[in-house]
Amino acid sequence: MARMGLNDSKAGMTGLDKQKINRIILEATKGSRFYNNEMRKEKQATERVTRLKAKLTKITQAQRLAALDELKRMENQLETTRDLSRFIVHVDMDAFYAAIEIRDNPSLADKPMAVGGTGMMLTSNYIARRYGVRAAMPGFIGKRLCPDLVFVKPNSAKYAQASKEVRAILAEYDPNFASVSLDEAYMDLTEYLEGRKCTFPSSHVEFTVPQQDLTEDMLKILNEVAPPTVDGVDSYNNCSSNSSIRKVSFGHTIEDVMREIRFKINRKTKLTASAGIGPNKMLAKICSDWKKPNGQFKVEFTRDKIIEFMRQLPTRKISGIGKVSERLLNEIEISNCKELYDKRDLIYLLFSNVSTKFFLAVAMGIGSNEVSSKNYQRKSISCERTFGEISRLADMLVKCQKLCDNLANHMKKENITGRCLTVKLKTVAFEVKQRSVSLKHHTNSTTEMFNIASEVIRSERLACQPERLRLRLMGIKMSTLKRHESDEKSIQDTLTRYFNKYDENCSQSQSTINEASKSFINIEQHKLDEKSKLDKVTCYFSKYDENSSQLQSTMKEASKNCDNMEKVTCPVCDQFYVYKSDETSWLALLNSHIDTCLQQPETMKPSQSHNDSVGSSKGKGVKRRKLQHNRMQPTTGNKTLHNFWQAKDNTHQ
DNA sequence: TGTAGAAGGACCC
DNA sequence: CTCCAGGGTCCTTCTTAT
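Under my numbering, think of the first position of the first sequence as 2, with each following residue one higher.
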């Protein structure tokens, strides 16, 4: 029940009828599969609470004293890391997507609106928020909360453009700023402020704004009164005005600079930003929420003031403490950071070491102040999709193929390969299963990923027998990534070198490819002849492209990179596919495709209406090959995957 | 006994 | 009537291999 409720803790959603909103949400969702799953999770959470309570009753006074002793050491250690010397800023655009849509269509300004569809809302404007309509809420519930709610389809290119404009402004002040997402970034303004102070006021910038361009948002920024600066220098804020032009300039304190940045953002994008200023990222982040929207807040840079600031803070305001942690903490009567500190001995005895350190640092107002965009390296890359229920293998493989294509393209663009593949499946009951396989080598080949992933899927279908595996989502993720220099064409090894490489680390793979290769050449000998010298090949699988225009563009794109485009026809479904010689093994992909074709119910086969291709001699030939394909060893040698192959022996439906 | 790997979650935007 | 995303990171727990 509790988890279905409205999350009103983060943004300023005070003063709305929470009871009513929660009732509407509950009514809208009750009895649904989603709701049932939430109940299941709720039960799990309750069990967790029960375990925590049981643990709690066993805690002795002596243990608490010992804990405090150890905590003292942790605290001292943490205290040495406290650093008040840097000006860290968190910039957060207000209702970013919604604000952009309103900017571009002012008629939306006075209406409750949300960006997204009936599926899911990405964000809502402040009018809609008063009805309880929020990001990450499905549209149909939004509509119930607020029948007049207007939906606007997301336009990510537009948001990226606005984000780029904002980032360009941030970069003027801290070229190393770190963006968290399209609408959020951290900056370290320490160096910038030093420079500005030295050259002030001779170098200060004056903005001229035509009076009629001064919007309410701008005036709000200009009229914010900055508190006196610590070093006694008055903040400089000179807004001289004449009839048509307003001259505006800002001082050299951190507050002034932040107002200047917000002013520039607003002038450039017509959007508003909020900012938080603190000595570390945690505090800056909390502060940026303080005066939202179009406001800023700075916590005072002394240990005492920081601790005082933290004490009154509800735990849920801290980034990293979500619904579940909040609830667990509530069980030991902790709802704000004062209590978090006062009960640190209980935390120590009930939570893990990592959590204890985290909570303690939070209570003390200590956090990282490292801001850098330089050494960010992604750790995983994934692609997932929700769809209407599917349960046939053929349907699943089609989804899987698309996901792998998508992911492989993305990985190639970023020039990365991965060694750990994870398949994510969500059943229609919203249960999530993740199965991962460690590969022997790094890859970003569609074929290889599809081969592994499809086996995982087969295996999962078997594992839940006699139940049918009914899916609503599928996802593929690659992790344990390796980056490649753009000129390193390791991917373009010749076929020979490719096999040699396999010789070294995976002899089974070689037989796999050879086997596949033989069977393929048997079918399409005439088309292949001198193509057998092909490098690793990228396949563009027309079969899975739903519309031909997509195929057209695929072919066009493919031919850009390679003039040696070839078309090959699948012997089962008579669809052709296009390949070019520059990447992964098209052979294995073709086999997978044939595999898929054979598993498809008759109605799925486009060309069989007048011709039973499976029953034909051609079909039988393919069937044989398919069995060979099935006997291929996985490229992983992983034990789990091994089981898949064994399981497959009694698979054939 | 210490370490990866695997599965599941919490959280964030 | 329609009926809860997709892209990430990090942490915990359990199992396995050596």
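Note that the Cβ used here is the ideal one computed from N, Cα and C, for glycine as well.
Query: Which listed residue (ASP305, ALA274, ARG304 and PHE302) has its alpha carbon closest to that of TRP291; Result: ALA274
Query: Closest Cα partner of GLN20 within the set LEU272, LEU7 and ILE255; Result: LEU7
Query: Alpha helix (DSSP H) segment containing MET40, residue limits; Result: 34-58
Query: VAL424 - DSSP class collapsed to helix/strand/coil; Result: strand
Query: Check whether ALA364 and MET412 have beta carbons under 8 Å apart; Result: no
Query: For GLN313, the three-state DSSP class (helix, strand or coil); Result: coil
Query: Buried or exposed by the 16-neighbour rule on C-beta atoms within 10 Å, applied to THR387; Result: exposed
Query: Rounded separation between HIS527 and ASN177 - CA only; Result: With a pLDDT of only 26 at HIS527, under 50, the local geometry of the prediction cannot be trusted, and the value read off the model is given with reservation. HIS527 and ASN177: Cα-Cα distance of roughly 57 Å.
Query: Rounded Cβ spacing between THR444 and GLY419 (contact assumed at less than 8 Å); Result: 7 Å
Query: Helix, strand or coil at TYR349 [DSSP, three-state]; Result: helix
Query: Sub-8 Å separation of ALA285 and VAL90 beta-carbons; Result: yes
Query: Helix, strand or coil at VAL300 [DSSP, three-state]; Result: coil
Query: Coil, strand or helix - VAL90 by DSSP; Result: strand
Query: Assumed close pair CYS288, LEU314 - CB separation to whole angstroms, cut-off 8 Å; Result: Incorrect: roughly 11 Å between the Cβ atoms, too far for contact.
Query: Proximity winner among ALA186, LEU17 and PRO211, relative to SER245 (alpha-carbon distances); Result: PRO211
Query: Opening and closing residue of the alpha helix (DSSP H) in which SER446 lies; Result: Unbroken run through SER446: none, as it is neither H nor E.
Query: Distance cut-off 7 Å: SER437 Cβ against heavy atoms of the ligand SAM; Result: This structure does not include the ligand SAM; it has no bound ligands of any sort.
Query: Those residues which DSSP pairs with VAL153 across a bridge; Result: VAL116
Query: Whether THR423 touches ARG471 by CB criterion (8 Å); Result: no
Query: Contact between the segment 372-385 and the segment 394-412 (3+ Cβ pairs under 8 Å); Result: yes
Query: Helix, strand or coil at SER356 according to DSSP, with G and I counted as helix; Result: helix
Query: DSSP state of MET479 mapped onto helix, strand, coil; Result: strand
Query: Cβ-based burial, TYR377 [other Cβ within 10 Å; buried from 16]; Result: exposed
Query: CB of GLY118 within 8 Å of CB of PHE152, strictly; Result: yes
Query: Sequence-distant residues of the same chain with beta carbon closer than 6 Å to ARG65, five excluded per side; Result: ASP346
Query: LEU223 - DSSP class collapsed to helix/strand/coil; Result: helix
Query: SER204 versus GLN213, GLN78 and TYR193, residue with shortest Cα-Cα distance; Result: TYR193
Query: Buried or exposed by the 16-neighbour rule on C-beta atoms within 10 Å, applied to SER455; Result: buried
Query: Contacts around LYS358, its chain only, beta-carbon distance under 8 Å, and the 5 residues preceding and following it disregarded; Result: MET75 and LEU79
Query: Nearest-angstrom Cα separation, counted from VAL355 out to LEU690; Result: Since the first residue shown for the chain is 2 and the last is 654, residue 690 is missing from the structure and cannot be characterised.
Query: Cβ neighbour criterion (16 or more within 10 Å) applied to GLY620; Result: With a pLDDT of only 28 at GLY620, under the threshold of 50, the placement of this residue in the model should not be trusted; the figure read from the coordinates follows. Buried.
Query: Three-way DSSP call (helix, strand, coil) for ILE128 in this model; Result: helix
Query: Pair within 8 Å by beta-carbon distance, PHE298 and GLY277; Result: yes
Query: Short Cβ contact (8 Å threshold) for ASN126 with MET138; Result: no
Query: Contact check, LEU17 vs ARG131, beta carbons under 8 Å; Result: yes
Query: Distance, GLU309 Cα to PHE302 Cα; Result: 11 Å
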